[in-house]
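Quick note, our numbering runs 570 ahead of the 1-based positions in the sequence shown.
Beta carbons are placed, not taken as given, at the ideal position from N, Cα and C, and that holds for glycine.
Here the structure is a predicted model, which means the values were calculated and not measured.
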Amino acid sequence: MIIKPKGCYDLSKFDAKIYLNIEQIVHSYMNVYNYKYIRTPVFENSELFKRGVGETTDIVQKETYDFTDRSGRSLTLRPEGTASVVRSYIENKDYADIRPISKYYYIGTMYRYERPGQGRNREFTQFGVEALGSDDPLIDAEIISLSVNILKELGLDPVVKINNLGGKEDRENYKKALVKYLKPHINDFCSDCQKRIKTNPLRILDCKIDDKNEILKKAPNVLDYQSKESQARFKDVLQYLDYLDVDYEIDSNLVRGLDYYDYMVYELQVDNGLALGGGGRYNNLVKTLDGPDTPAVGFACGIERIINLIKEKAKDFSNIDVFIMAINKEEKMKANIIMQDLRLNGISVETDYLNKGLKSQFKDADKYNAKNLIILNSEDLKKGLINVKDNITKEEVKVPEDEIVDYILGII
Ligand code: AMP
Numbered sequence: 571m572i573i574k575p576k577g578c579y580d581l582s583k584f585d586a587k588i589y590l591n592i593e594q595i596v597h598s599y600m601n602v603y604n605y606k607y608i609r610t611p612v613f614e615n616s617e618l619f620k621r622g623v624g625e626t627t628d629i630v631q632k633e634t635y636d637f638t639d640r641s642g643r644s645l646t647l648r649p650e651g652t653a654s655v656v657r658s659y660i661e662n663k664d665y666a667d668i669r670p671i672s673k674y675y676y677i678g679t680m681y682r683y684e685r686p687g688q689g690r691n692r693e694f695t696q697f698g699v700e701a702l703g704s705d706d707p708l709i710d711a712e713i714i715s716l717s718v719n720i721l722k723e724l725g726l727d728p729v730v731k732i733n734n735l736g737g738k739e740d741r742e743n744y745k746k747a748l749v750k751y752l753k754p755h756i757n758d759f760c761s762d763c764q765k766r767i768k769t770n771p772l773r774i775l776d777c778k779i780d781d782k783n784e785i786l787k788k789a790p791n792v793l794d795y796q797s798k799e800s801q802a803r804f805k806d807v808l809q810y811l812d813y814l815d816v817d818y819e820i821d822s823n824l825v826r827g828l829d830y831y832d833y834m835v836y837e838l839q840v841d842n843g844l845a846l847g848g849g850g851r852y853n854n855l856v857k858t859l860d861g862p863d864t865p866a867v868g869f870a871c872g873i874e875r876i877i878n879l880i881k882e883k884a885k886d887f888s889n890i891d892v893f894i895m896a897i898n899k900e901e902k903m904k905a906n907i908i909m910q911d912l913r914l915n916g917i918s919v920e921t922d923y924l925n926k927g928l929k930s931q932f933k934d935a936d937k938y939n940a941k942n943l944i945i946l947n948s949e950d951l952k953k954g955l956i957n958v959k960d961n962i963t964k965e966e967v968k969v970p971e972d973e974i975v976d977y978i979l980g981i982i
């Protein structure tokens, strides 16, 4: 038997139903917020992620799936969505569009060679947005509230952890202060952080191994190293969030794993501390990838982690509206017609295709989580009546055949 690669999974059955429901909610939210769907290739030239995500990040150093194609090109399965969207924006000259700014969203699989575990896969799916062309804190607040609203619609109540990394100069000043403070103690940190102090010192702040290190708790605070301009724009973001009633916690150790962020960064966390998503501003990335100087902001959320959390509460997603029970040929003929009428009116319907007896069909209706049963019988059909049973309260009513669609629409 051939089995799937480590860290991958098959999306099917109940999980697939929840997944599709999440996709639907994402599409409808993106529509009203006016983000346009974009699909980029699953693999890109390796160079894109090296320059885009950052040569010193864990993702590029340890987690990418790199391969050489038959012509010797160096390619990489995308580990995240932002670099590809920016590449496409530049390559297709979307900055010359008549639209004042470009707002994209995507839903797609990402690939990271990570150790599989709780909420961590090697192939996983993210939905995300990228808004290119505006430096207005209003749009920072928009993407944060959009991500929160989608998760709320899915029954989750995430906490927004937010931080301000500042502009280039602010970050350089802070980096210097942090390195100066940490250097004498660096042997007390994990081996990765001992490397990070040279390559990417800010990442030490949110190291999952060293997060309880007392030395880190007294480290200089990034928020004390912000220029007036950076402080003012962060204040604006927070004020916009206040007005939208979005709860947030300022977390000055939040850095996130991708190099391109500046100014606002945020993460969406739930009770168990697991991040469902996050994002931030990346005003330099378009230029880094040879595009025009373009401010930008975006987020990405992991769908598998969301599925795991809402699975228990999501039983409703697996319901069908109606199970039609029919035994003899005459009843099956009628079922055939009624099913089509109901389905064309958006009602989900299932029936028996195995010629089972009535008792077994009741059991099958429960297996499908049918909310209502239509129990056809020749007697009622002669009178033009349809027997409908609420499968939860067990109440039964007889409905005139020509009113059945409206009746079902009224109770689901
Ligand atoms: P990132 O692109 O690292 O900012 O991650 C954004 C979100 O994607 C995270 O908060 C997770 O929900 C999800 N995610 C990231 N890496 C993985 C993974 N290896 N497996 C499953 N979900 C992931």
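**Glu593 CB to nearest heavy atom of ligand 1 below 7 Å** = No, the beta carbon of Glu593 sits no closer than 7 Å to any heavy atom of ligand 1.
**Cβ pair Phe694, Glu874 closer than 8 Å** = Yes. Within cutoff.
**Request:** In angstroms with no decimal places, state the Cα-to-Cα distance between Leu724 and Asp817.
**Result:** Near 17 Å, if we compare the C-alpha coordinates of Asp817 and Leu724.
**Message:** Please report the distance separating the alpha-carbon of Phe697 from that of Ile714.
**Reply:** Their backbone Cα atoms lie some 14 Å apart in a straight line.
**Request:** Taking 8 Å as the cut-off, decide whether the C-beta atoms of Tyr674 and Tyr605 are in contact.
**Result:** In contact: Tyr674 and Tyr605 (Cβ atoms closer than 8 Å).
**Within 8 Å, strictly: CB atoms of Leu726 and Leu879** = Yes, the Cβ-Cβ distance between Leu726 and Leu879 is below 8 Å.
**Request:** Using beta-carbon positions only, say whether Gly651 and Arg609 come within less than 8 Å of one another.
**Result:** For Gly651 and Arg609, no; Cβs fall outside 8 Å.
**Reference Glu819; option with closest CA among Pro728, Gly872 and Gln764** = For the residues Pro728, Gly872 and Gln764, the minimum Cα distance to Glu819 belongs to Pro728.
**Message:** When you compare the CB positions of Leu828 and Arg657, do they come within less than 8 Å of one another, or not?
**Reply:** Between Leu828 and Arg657, the gap from beta carbon to beta carbon reaches 8 Å or more.
**Prompt:** Which term fits Ser672, buried or exposed, when burial requires 16 or more other beta carbons within 10 angstroms of its beta carbon?
**Reply:** Buried, by the Cβ-count rule.
**Prompt:** Is any heavy atom in ligand 1 found nearer than 7 Å to the beta carbon of Gln688?
**Reply:** Ligand 1 never approaches Gln688 closely enough for any of its heavy atoms to be under 7 Å from the residue's Cβ.
**beta strand (DSSP E) segments (min. 3 residues) lying fully within the stretch 892-948** = Listed in chain order, the complete beta strand (DSSP E) runs (minimum 3 residues) inside the stretch 892-948 are 919-921 and 940-945.
**Asked** Looking only at its own chain, which residues have a Cβ that is under 8 Å from the Cβ of Ile965, when we skip the five neighbours before and after it?
**Response** Sequence check: residue 965 is Glu here, not Ile. Cβ within range, chain order: Lys959.
**Asked** When burial is assigned at 16 or more other CB atoms within 10 Å of the CB, is Gln742 buried or exposed?
**Response** As written in the sequence, residue 742 is Glu, which differs from the Gln given in the question. That one is exposed.
**Request:** Inspect the CB distances between the stretch 896-906 and the stretch 926-946 and report whether three or more fall short of 8 Å.
**Result:** The answer is yes - the stretch 926-946 touches the stretch 896-906, with three or more Cβ pairs under 8 Å.
**Request:** Would you kindly work out how many angstroms separate the C-alpha atoms of Ile785 and Asp758, rounded to a whole number?
**Result:** Straight-line Cα distance between these residues: approximately 9 Å.
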